[in-house]
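A.B. asks:
Number of protein chains: 2
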Amino acid sequence: MIDMNAAKSFPINAGKCTRHHDLAKVEATGPDARVLISLLRGEPYDLPLTLTMVERHPLGSQAFVPLTRNSFLVVVAPDEGDCPGTPIAFETAPGQGVNIARNVWHGILTPLHGVSDFVVIDRGGEVSNLEEHFFDTPYRVEHG
Amino acid sequence: MIDMNAAKSFPINAGKCTRHHDLAKVEATGPDARVLISLLRGEPYDLPLTLTMVERHPLGSQAFVPLTRNSFLVVVAPDEGDCPGTPIAFETAPGQGVNIARNVWHGILTPLHGVSDFVVIDRGGEVSNLEEHFFDTPYRVEHG
Chain Y
7 MIDMNAAKSF PINAGKCTRH HDLAKVEATG PDARVLISLL RGEPYDLPLT LTMVERHPLG
67 SQAFVPLTRN SFLVVVAPDE GDCPGTPIAF ETAPGQGVNI ARNVWHGILT PLHGVSDFVV
127 IDRGGEVSNL EEHFFDTPYR VEHG
Chain L
7 MIDMNAAKSF PINAGKCTRH HDLAKVEATG PDARVLISLL RGEPYDLPLT LTMVERHPLG
67 SQAFVPLTRN SFLVVVAPDE GDCPGTPIAF ETAPGQGVNI ARNVWHGILT PLHGVSDFVV
127 IDRGGEVSNL EEHFFDTPYR VEHG
């Protein structure tokens with residue numbers, strides 16, 4: 007999670023600013039790899055929703071930090087022999103971001119409460135960095 | 007500048023999301039260099055203010071993306087023989103972020119309109135990455 011509840015913070019700029027430091031491990035590997043900063047504007051989804059697919063990025067992490075207080079749905083799944091196992095889903099707290107580590111199966115960006123903007127820190131490079139897995143039987147994601 | 011007015015955007019996720027792609031050149035060099043994601047919470051400053059110092063980071067860039075609609079003051083200065091020349095100052099548009107390139111003299115983070123949170127993407131590493139320059143005669147920054 008990327009939020010200000012992280013333990014490691016310290017004052018900077020003569021006490022006028024607090025830095026919540028180094029909240030995510032940024033990974034970018036492969037030919038000509040570099041770290042990108044992008045902005046996303048996503049349309050909201052409604053629950054319950056049908057989860058047909060998850061994806062992963064073998065060469066880099068992908069951090070999403072919301073620019074609004076809207077929470078969003080996060081879906082992740084363990085890897086079981088290069089296929090995703092049973093996914094889990096949760097809703098972020100307002101203001102909370104996530105970092106999806108390299109090679110972790112996850113759902114697409116899923117805002118829940120209105121059009122939502124995000125800063126995304128992920129990898130650019132010369133070779134493909136996307137694997138998709140479509141479930142034989144889709145999952146249904148609903149409020150807990 | 008880091009904002010959604012950048013030309014290069016494209017739809018993803020079956021049209022549900024727009025990606026404003028690769029808005030800043032992230033630089034992180036030197037021993038054990040890596041890219042950090044941190045959150046800052048800054049107290050506001052009042053104008054006019056006295057600019058006594060600028061700093062630069064020889065080994066990495068530093069991007070600031072605001073998490074509020076508050077604008078902030080940006081001060082940058084050209085390099086003139088390893089010292090800053092005459093600084094220029096501007097106020098960002100609401101929602102706009104900046105990326106300070108490696109080795110560019112700049113002022114500290116200066117929110118103007120209330121306590122303001124930012125995502126910061128900058129460099130971590132083993133060796134010092136900070137040069138400070140204190141002006142013999144401070145500058146006064148005021149509304150244009």
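Chains as they are written, first to last, in my numbering: chain Y, 7 to 150; chain L, 7 to 150. Glycine is no exception: its CB is placed at the ideal position from the N, C-alpha and C atoms.
So, for residue 81 (chain Y): in the same chain, excluding its five sequence neighbours on each side, which residues have a beta-carbon less than 8 Å away from its beta-carbon?
C.D. replies: Start at 1 with the first residue of the first sequence, and residue 81 (chain Y) comes out as number 75. Answer for residue 81 (chain Y): 57, 60, 93, 94, 95, 112, 113, 116, 147, listed in chain order.
A.B. asks: Could you tell me which chain Y residues have their CB closer than 7 Å to the CB of residue 114 (chain L), listed as they occur along the chain?
C.D. replies: Position 108 of the second sequence, counted from the start, is the residue given in the question as residue 114 (chain L). Result: 19.
A.B. asks: Which of the three DSSP states, helix, strand or coil, is assigned to residue 20 (chain L)?
C.D. replies: For this step, residue 20 (chain L) is matched to residue 14 along the second sequence. Looking at residue 20 (chain L) - three-state DSSP - the assignment turns out to be helix.
A.B. asks: Are any of the Cβ atoms in chain Y nearer than 7 Å to that of residue 106 (chain L)?
C.D. replies: For the purposes of this step, residue 106 (chain L) is taken as the residue at position 100 of the second sequence. Not one chain Y Cβ lies under 7 Å of residue 106 (chain L).
A.B. asks: Could you compute how far the alpha carbon of residue 132 (chain Y) sits from the alpha carbon of residue 41 (chain L)?
C.D. replies: Counting from 1 along the first sequence, the entry for residue 132 (chain Y) is found at position 126. Counting from 1 along the second sequence, the entry for residue 41 (chain L) is found at position 35. Going from the Cα of residue 132 (chain Y) to the Cα of residue 41 (chain L) covers about 19 Å.
A.B. asks: Smallest Cα separation from residue 26 (chain L): which of Y:143, Y:141, Y:125?
C.D. replies: Position 20 of the second sequence, counted from the first residue, corresponds to residue 26 (chain L). Ranking the options by Cα distance to residue 26 (chain L), first place goes to Y:125.
A.B. asks: With 7 Å set as the bound, which would you pick, yes or no: does the beta-carbon of residue 94 (chain Y) sit closer than that to a beta-carbon of chain L?
C.D. replies: In the first sequence, residue 94 (chain Y) corresponds to position 88, counting from 1. Output row for residue 94 (chain Y): interface = no.
A.B. asks: Rounded to a whole number of angstroms, what is the C-alpha to C-alpha distance between residue 37 (chain Y) and residue 105 (chain Y)?
C.D. replies: Counting from 1 along the first sequence, the entry for residue 37 (chain Y) is found at position 31. Counting from 1 along the first sequence, the entry for residue 105 (chain Y) is found at position 99. The alpha-carbon atoms of residue 37 (chain Y) and residue 105 (chain Y) are separated by roughly 22 Å.
A.B. asks: Quick check: the Cα distance between residue 109 (chain Y) and residue 139 (chain Y), rounded to an integer number of angstroms?
C.D. replies: Taking the first sequence and counting its residues from 1, one reaches residue 109 (chain Y) at position 103. Taking the first sequence and counting its residues from 1, one reaches residue 139 (chain Y) at position 133. Computed Cα separation, rounded: 13 Å.
A.B. asks: In the DSSP assignment, find the unbroken beta strand (DSSP E) run with residue 61 (chain Y) in it and report its ends.
C.D. replies: For the purposes of this step, residue 61 (chain Y) is identified with residue 55 of the first sequence, where counting begins at 1. Unbroken beta strand (DSSP E) run through residue 61 (chain Y): 55-62.
A.B. asks: In three-state DSSP terms, what is residue 144 (chain L)?
C.D. replies: The residue you call residue 144 (chain L) lines up with position 138 of the second sequence. Three-state DSSP puts residue 144 (chain L) in a strand.
A.B. asks: Determine the chain L residues that contact residue 130 (chain Y) at a beta-carbon separation under 7 Å, and present them in chain order.
C.D. replies: For the purposes of this step, residue 130 (chain Y) is taken as the residue at position 124 of the first sequence. Near residue 130 (chain Y) (Cβ distances below 7 Å), the residues of chain L are 28.
A.B. asks: Can you find a CB in chain L that lies within less than 7 Å of the CB of residue 10 (chain Y)?
C.D. replies: Along the first sequence, read from residue 1 onward, the residue named residue 10 (chain Y) stands at position 4. Yes - at least one Cβ of chain L is within 7 Å of the one on residue 10 (chain Y).
A.B. asks: With distances taken Cα to Cα, identify the nearest neighbour of residue 90 (chain Y) among Y:150, Y:48, Y:144.
C.D. replies: Indexing the first sequence from 1 puts residue 90 (chain Y) at position 84. Taking only the C-alpha atoms, the option nearest residue 90 (chain Y) is Y:144.
A.B. asks: Report the residues of the segment 27-54 of chain Y with a CB closer than 7 Å to any CB of chain L, ordered along the chain.
C.D. replies: Listed in sequence order: 27, 28, 29, 30, 32, 40, 41, 42, 43, 44, 45, 46, 47, 48, 49.
A.B. asks: Mapping DSSP to helix, strand and coil, what is residue 28 (chain Y)?
C.D. replies: Position 22 of the first sequence, counting from 1, holds the residue named residue 28 (chain Y). Correct three-state label for residue 28 (chain Y): coil.
A.B. asks: What did DSSP end up calling residue 109 (chain L) once you bin it into helix, strand or coil?
C.D. replies: The residue given as residue 109 (chain L) occupies position 103 in the second sequence. Of the three classes helix, strand and coil, the one that applies to residue 109 (chain L) here is coil, per DSSP.
A.B. asks: On a CA-only basis, which of L:78, L:103, L:98 is nearest residue 70 (chain L)? Give me that one, please.
C.D. replies: Locating residue 70 (chain L) in the second sequence gives position 64, counting from the first residue. Answer by Cα proximity: L:103.
A.B. asks: Can you check whether the CB of residue 10 (chain Y) is closer than 7 Å to the CB of residue 45 (chain L)?
C.D. replies: In the second sequence, counting from the first residue as 1, residue 45 (chain L) sits at position 39. In the first sequence, counting from the first residue as 1, residue 10 (chain Y) sits at position 4. Yes, Cβ-Cβ distance for residue 45 (chain L) and residue 10 (chain Y) is below 7 Å.
A.B. asks: Since residue 83 (chain L) is in the beta strand (DSSP E), which residue starts that stretch and which ends it?
C.D. replies: Position 77 of the second sequence, counting from 1, holds the residue named residue 83 (chain L). Residue 83 (chain L) -> beta strand (DSSP E) spans 78-83.
A.B. asks: What are the partner residues of residue 94 (chain L), as DSSP defines its beta bridges?
C.D. replies: For the purposes of this step, residue 94 (chain L) is taken as residue 88 along the second sequence, with counting starting at 1. BP columns for residue 94 (chain L) point to L:82.
A.B. asks: Using a C-beta to C-beta distance shorter than 7 Å, which residues of chain L count as neighbours of residue 69 (chain Y)?
C.D. replies: Within the first sequence, numbered from 1, the residue matching residue 69 (chain Y) stands at position 63. Going along chain L in sequence order, the residues near residue 69 (chain Y) (Cβ under 7 Å) are 43.
A.B. asks: List, in chain order, every chain Y residue whose beta-carbon is nearer than 7 Å to that of residue 147 (chain L).
C.D. replies: In the second sequence, residue 147 (chain L) corresponds to position 141, counting from 1. Those do not exist, as residue 147 (chain L) stays about 15 Å from chain Y at its closest Cβ, beyond 7 Å.
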